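Step one of this worksheet: look at the structure below.
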Amino acid sequence: MRYKKRTLSLLVGMALGLGAASSAYSQESLQDVMKARGLTQKDLLAAAKTYTPTGGRDEYLAFSSGGQSGQVIVYGIPSMRILKYIGVFTPEPWQGYGFDDESKAVLAQGRINGKDILYGDTHHPAFSETEGEYNGRYLFINDKANPRMAVIDLHDFETKQIVVNPFFKNEHGGAFVTPNTEYVMEAAQYAAPFEHGFVPLEEFNDKYRGGVTYWKFDDKAGRLDPEQSFTFELPPYSQDLSDAGKNASYGWGFTNSFCSERYVGGIERGRPPFEAGCSQKDTDFLHITNWKKAAELVAAGKVEKVNGSYLITLKQAAEEGLVYLVPEPKSPHGVDVNPKGDHIIVSGKLDSHAWVYSWPKIQDAINNKKFEGKDPYGLPIIALKDALHKQVQVGLGPLHTQYDSKECVVYTSIYVDSMVTKWDYCEGKVLDQLNIHYNIGHLVSMEGDSVSPDGKYLVSLNKLAIDRFNPVGPLHPQNHQLIDISGD
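For the sequence shown, the positions run 13 to 500 when this note's numbering is used.
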């Protein structure tokens with residue numbers, strides 16, 4: 013009893029102390045706080061714009077790939093508060109993912125050649141869509157380290173399915189959905205034999221292949237359907253990111269490549285390093301795939317199965333007019349279709365320009381068979397002059413582009429210059445540039461890849477945060493930087 017009274021006395025004393033402190037703080041003015049903390053009016057405005065009171069709700073939720081953690085991070089905008097880590101390809105002991113029967117079964121779906129693969133490299137998530145608008149039902153996320161795709165149900169924010177690509181050995185292509193979530197696109201990265209045995213690099217041009225898989229999505233079941241999915245066999249050009257056409261370009265898909273030189277390295281034999289060998293040409297190839305026509309051929313039984321899955325060979329693609337190539341800036345990492353679907357923007361890491369393509373021009377070239385030739389695998393090549401709308405100098409190391417709610421306005425991340433460039437892709441002119449800390453990679457605007465972007469905010473996904481936060485050792489943290497784009 014005495015112990016309890018003493019404890020109560022201490023608690024009361026603490027409460028009185030806090031009350032006194034609260035009274036003291038309440039006498040401070042905003043100017044006092046600014047002076048004590050060295051803040052500016054600009055700092056206060058930024059804080060007020062992002063502050064979300066306890067119990068309040070953010071206007072948007074952002075879903076970010078966790079990279080080699082194999083998970084997805086969910087945070088609010090504008091508060092930038094982390095709300096959840098979604099376990100996907102890697103067990104999460106703290107939340108039980110991978111330790112109960114249900115989630116164990118999901119992870120087991122990701123086995124490759126009968127072996128458990130309990131790590132992943134999540135890279136580029138995508139929302140399910142209805143008529144090109146996010147519908148908030150599902151999130152798709154790829155595994156870059158192992159060629160896999162996962163489905164997350166946004167009803168409970170849990171992973172429900174993992175599928176393994178039947179052809180690829182790795183991928184970088186992320187997840188990209190068609191406007192009604194008919195298919196989820198997944199492109200290969202480094203070319204590899206589609207069979208699972210060893211093939212020497214001396215046979216690279218003949219036996220190694222790239223590709224892009226269109227995973228059929230069953231909306232009622234909320235699952236990818238491997239039985240109805242198909243893959244385009246593509247040349248060994250090291251495919252990269254993709255985007256699905258919308259509105260004017262509905263039914264088509266677009267996929268980058270970054271090593272159309274088909275270089276395989278050999279620095280140990282005195283040859284140039286791999287990156288140098290893959291940068292010898294002035295351009296790479298943008299792949300344009302007619303997924304709608306391909307799906308019709310699959311449904312009609314006109315596509316053969318390989319490795320238990322439908323494969324549209326290079327020969328069939330050329331004969332049926334399913335795949336076309338057009339030069340793009342070298343070493344690109346991103347292809348982005350505008351809301352109307354009549355322009356496509358590609359930026360090359362080794363080119364200071366962003367290239368804007370005209371879909372009507374490309375369609376005219378395809379319909380009139382106006383090609384400048386064929387590649388070594390028989391795919392028709394559209395001349396750059398017959399596809400290009402504008403070339404705009406945006407900075408050193410341009411990567412990803414996101415669309416604003418304002419017509420013709422886009423934002424492109426500039427990796428080497430550590431900045432974001434705001435520009436007009438219709439007129440082909442730079443409007444503004446903003447320094448970023450530091451080495452921006454991806455960037456996200458609110459619903460910026462849908463048919464009706466919201467604008468308002470832009471998030472810069474920075475690879476390094478040098479000198480920005482408390483030191484935590486030699487490995488610098490990544491950080492996401494919120495930018496207000498609501499003004500002019």
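Ideal Cβ positions, reconstructed from N, Cα and C, are used throughout, including at glycine.
These figures come from a predicted structure and were not determined experimentally.
Asked, Found
"Local Cβ density within 10 Å of Asn451, reported as buried at 16 or more and exposed below that", "buried"
"The stretch 156-163 contacting the stretch 118-134, beta-carbon criterion three pairs below 8 angstroms", "yes"
"Where Pro341 falls: helix, strand or coil (DSSP)", "strand"
"Beta strand (DSSP E) segment containing Glu143, residue limits", "Glu143 -> no beta strand (DSSP E), and no H or E assigned at all."
"Burial state of Ile478 (16 or more Cβ within 10 Å)", "exposed"
"Glu280 versus Ala288 - alpha carbon distance", "14 angstroms"
"For Gly320, the nearest candidate out of Leu213, Pro178, Arg49 (CA to CA)", "Pro178"
"Distance between Gly467 and Lys54 (C-alpha atoms, nearest Å)", "21 angstroms"
"With 16 other Cβ atoms within 10 Å as the buried cut-off, status of Cys484", "Reading off the sequence, residue 484 comes out as Val, not Cys. So Val484 counts as exposed."
"Every unbroken alpha helix (DSSP H) inside the stretch 275-346 [4 residues or more]", "286-289, 303-311, 326-332"
"Three-state secondary structure (DSSP) of Ala187", "coil"
"Reference Phe169; option with closest CA among Tyr109, Ala204, Pro205", "Tyr109"
"Length of the line joining the Cα atoms of Asp252 and Val358", "12 angstroms"
"Nearest residue (CA-CA) to Trp264, options Ala307, Asp218, Gly278", "Ala307"
"Pairwise C-alpha distance: His135 and Ile153", "7 angstroms"
"C-alpha gap between Pro205 and Gly277, whole angstroms", "17 angstroms"
"Assigned secondary structure, Asp444 (DSSP; H/G/I helix, E/B strand, else coil)", "strand"
"Leu334 beta carbon less than 8 angstroms from that of Tyr389", "no"
"At least 3 beta-carbon pairs within less than 8 angstroms: the stretch 140-151 vs the stretch 119-127", "no"
"Meets three-Cβ-pair contact criterion under 8 angstroms: the stretch 416-433 and the stretch 375-384", "no"
"CA nearest to the CA of Val338, picked from Phe270, Gly79, Val315", "Phe270"
"C-alpha distance - His208 paired with Leu487, whole-angstrom precision", "37 angstroms"
"Element boundaries [alpha helix (DSSP H), containing Arg49]", "42-49"
"Candidates Asp70, Asp255, His492, His345: closest to Ser472 by CA position", "His492"
"First through last residue of the beta strand (DSSP E) which encompasses Ile548", "As shown, the chain starts at 13 and ends at 500. That puts residue 548 outside it, with no answer to give."
"Three-pair Cβ contact test at 8 angstroms for the stretch 214-225 versus the stretch 241-261", "yes"
"Runs of beta strand (DSSP E) wholly within the stretch 348-377 (minimum 3 residues, chain order)", "355-360, 365-370"
"Buried or exposed by the 16-neighbour rule on C-beta atoms within 10 Å, applied to Ser76", "buried"
"Counterpart residues of Ser425 in DSSP-defined beta bridges", "Val432"
"Length at least 3, wholly inside the stretch 142-224: the beta strand (DSSP E) runs in chain order", "145-155, 160-165, 170-176, 195-199"
"Contacts around Asp231, its chain only, beta-carbon distance under 7 angstroms, and the 5 residues preceding and following it disregarded", "Thr193"
"According to DSSP, residues forming a beta bridge with Tyr97", "Ile85"
"Simplified DSSP assignment, three categories, for Ser417", "coil"
"Other residues of its chain near Gln405: CB distance less than 7 angstroms, five sequence neighbours each side excluded", "Ser364, His365"
"Burial state of Ile324 (16 or more Cβ within 10 Å)", "buried"
"CA-to-CA distance, Val175 to Gln240, given in whole angstroms", "13 angstroms"
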